[in-house]
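Structure below.
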């Protein structure tokens, strides 16, 4: 099952630049692992204002509980709020035409 997750990060006041850099490096490393496992499919950066951190991610998980376990492994989650939208295939999705592409049976 696929999920669209909007992840909004708010760095706590007083957090040092070194702590932020460390957290971002750990998040990047963990995201690479999750991508290799097929859990993180895509990431986008929407238009942001100064000082805003927001990412939109497409995740693959067995169900909502599995997604929660995946999101809990992400270091930035301690500074983040997540808005989760479960996705179901649309009958007119071009990726599903002819039984190929993401969203087809077996993917």
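Numbering (this note's numbering), first residue to last: 318 to 424.
We put the beta carbon where it would ideally sit given N, CA and C, even for glycine.
Just so you know, these numbers come straight off a predicted model, no measurement behind them.
Can you list, in chain order, the residues of its chain whose CB lies under 7 Å from that of residue i, leaving out five sequence neighbours each side?
{"i": "residue 328", "result": "337, 396"}
{"i": "residue 343", "result": "392"}
Please state the DSSP three-state secondary structure of residue i.
{"i": "residue 328", "result": "coil"}
{"i": "residue 365", "result": "coil"}
Distance check for residue j and residue i, CA to CA, integer angstroms please.
{"i": "residue 381", "j": "residue 370", "result": "24 Å"}
{"i": "residue 377", "j": "residue 388", "result": "11 Å"}
{"i": "residue 408", "j": "residue 391", "result": "33 Å"}
{"i": "residue 410", "j": "residue 362", "result": "23 Å"}
{"i": "residue 424", "j": "residue 394", "result": "With a pLDDT of only 45 at residue 424, under 50, the local geometry of the prediction cannot be trusted, and no value is derived from it."}
Mind checking which residues open and close the alpha helix (DSSP H) that includes residue i?
{"i": "residue 344", "result": "334-353"}
Could you tell me the boundaries of the beta strand (DSSP E) in which residue i lies?
{"i": "residue 369", "result": "Unbroken run through residue 369: none, as it is neither H nor E."}
{"i": "residue 384", "result": "No beta strand (DSSP E) holds residue 384; the alpha helix (DSSP H) holding it covers 381-389."}
Tell me which same chain residues have a C-beta within less than 6 Å of the C-beta of residue i, skipping the five on either side of it?
{"i": "residue 418", "result": "Residue placement at residue 418 cannot be trusted, given a pLDDT of 49 that sits under 50; what the coordinates show is reported in the next sentence. Counting only Cβ-Cβ distances below 6 Å, and skipping sequence neighbours, we find 412."}
Heavy atom of the ligand NAP less than 7 Å from the Cβ of residue i, yes or no?
{"i": "residue 395", "result": "What this structure holds is no ligand at all, so the ligand NAP is not there to describe."}
Excluding five sequence neighbours on each side, which residues of the same chain lie with their C-beta closer than 8 Å to the C-beta of residue i?
{"i": "residue 348", "result": "357, 360, 391"}
Would you say residue i lies against chain C (beta-carbon separation less than 8 Å)?
{"i": "residue 379", "result": "The structure shown contains no chain C, having only a single protein chain."}
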